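Asker: Have a look at this one.
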Amino acid sequence: FAARSVGLDASSQLDDPFLRADVARFEVDEAAFRLLLERSGDLARRGKVHPAFSSVLKYYGAELNKRRYELLMAAGGAEALEWEGERSRDGELARLWLRSKANSIEGGTAEVQLNVIAKRILGLPGA
2 FAARSVGLDA SSQLDDPFLR ADVARFEVDE AAFRLLLERS GDLARRGKVH
52 PAFSSVLKYY GAELNKRRYE LLMAAGGAEA LEWEGERSRD GELARLWLRS
102 KANSIEGGTA EVQLNVIAKR ILGLPGA
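The opening position of the sequence shown corresponds to residue 2 in this note's numbering, with each subsequent residue numbered one higher.
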């Protein structure tokens, strides 16, 4: 998909070095999130997880999902916005991209989650 719209260089990597760097950063952040989930599970099993830690997971997960679909849209170019046609799979990617925006709203807005993190985990004063 990305190879079709961005193209590949001589070593069969995405021809856009900025997109390649963004994808690499995303993959590192995604791996860090998986480790964070693992760690929180371990802490929960031992009864040592912070009560507000779910806010960290909600915020991080929602932001990561939004970035995932932003990258897919960037890689797909204008073709990614198509709603009809064989290549668009009936607008599936565009719908998923739009749906990812709701992740920062459901379960509490990103601002609310950040406020919970600031107050309950970091101990910062409220606004």
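C-beta: ideal position from N, C-alpha, C; glycine also. None of these values were measured; they are calculated from a predicted model.
Exposed or buried, what is valine 29 when buried is set at 16 or more other beta-carbons lying within 10 Å of its beta-carbon?
Answerer: Within the sequence shown, the letter at position 28 stands for residue 29. Exposed, because fewer than 16 other Cβ atoms sit within 10 Å of the Cβ of valine 29.
Asker: Using C-beta distances below 6 Å, list every residue in its chain close to glutamine 114, excluding the 5 sequence neighbours before and after it, in chain order.
Answerer: Stepping through the sequence shown from its first residue, residue 114 is reached at position 113. Here the set comprises Ser56, Lys59, Tyr60.
Asker: Please report the distance separating the alpha-carbon of glycine 92 from that of glycine 48.
Answerer: Position 91 of the sequence shown, counted from the start, is the residue given in the question as residue 92. Position 47 of the sequence shown, counted from the start, is the residue given in the question as residue 48. Near 44 Å, if we compare the C-alpha coordinates of glycine 48 and glycine 92.
Asker: What is the DSSP secondary structure of leucine 15, counted as helix, strand or coil?
Answerer: As a working note, residue 15 is residue 14 in the sequence shown. Looking at leucine 15 - three-state DSSP - the assignment turns out to be strand.
Asker: Can you give me the C-alpha to C-alpha distance between glycine 109 and alanine 63, rounded to a whole angstrom?
Answerer: Position 108 of the sequence shown, counting from 1, holds the residue named residue 109. Position 62 of the sequence shown, counting from 1, holds the residue named residue 63. Cα to Cα, the separation comes out at about 11 Å.
Asker: Using the Cβ count rule (16 or more neighbours within 10 Å means buried), how would you classify glycine 127?
Answerer: For the purposes of this step, residue 127 is identified with residue 126 of the sequence shown, where counting begins at 1. Result: exposed.
Asker: Quick check for students: name the residue ranges of the alpha helix (DSSP H) that lie wholly in the segment 40-113, counting only runs of 4 or more.
Answerer: For the segment 40-113, whole alpha helix (DSSP H) runs of length 4 or above, ordered along the chain, are 54-77, 93-101.
Asker: Taking only three categories from DSSP, how would you classify leucine 115?
Answerer: Position 114 of the sequence shown, counted from the first residue, corresponds to residue 115. Leucine 115: helix per DSSP, three-state reduction.
Asker: Between the alpha carbons of aspartate 16 and arginine 26, how many angstroms are there, rounded?
Answerer: Reading the sequence shown from its first residue, position 15 is the one you call residue 16. Reading the sequence shown from its first residue, position 25 is the one you call residue 26. Taking the straight line joining both Cα atoms gives about 17 Å.
Asker: What did DSSP end up calling leucine 123 once you bin it into helix, strand or coil?
Answerer: As a working note, residue 123 is residue 122 in the sequence shown. DSSP places leucine 123 in coil when its eight states are reduced to three.
Asker: How big is the Cα-Cα spacing for arginine 69 and glutamate 107?
Answerer: Here the question's residue 69 lines up with position 68 in the sequence shown. Here the question's residue 107 lines up with position 106 in the sequence shown. Distance between the alpha carbons of arginine 69 and glutamate 107 is about 18 Å.
Asker: Classify leucine 38 as buried or exposed, calling it buried when 16 or more other Cβ atoms lie within 10 Å of its own Cβ.
Answerer: Counted from its first residue, the sequence shown places residue 38 at position 37. Exposed.
Asker: So which of Pro18, Asn116, Ala95, Val117 has the shortest CA-CA distance to alanine 79?
Answerer: In the sequence shown, the residue the question calls residue 79 occupies position 78. Closest option to alanine 79, Cα to Cα, is Ala95.
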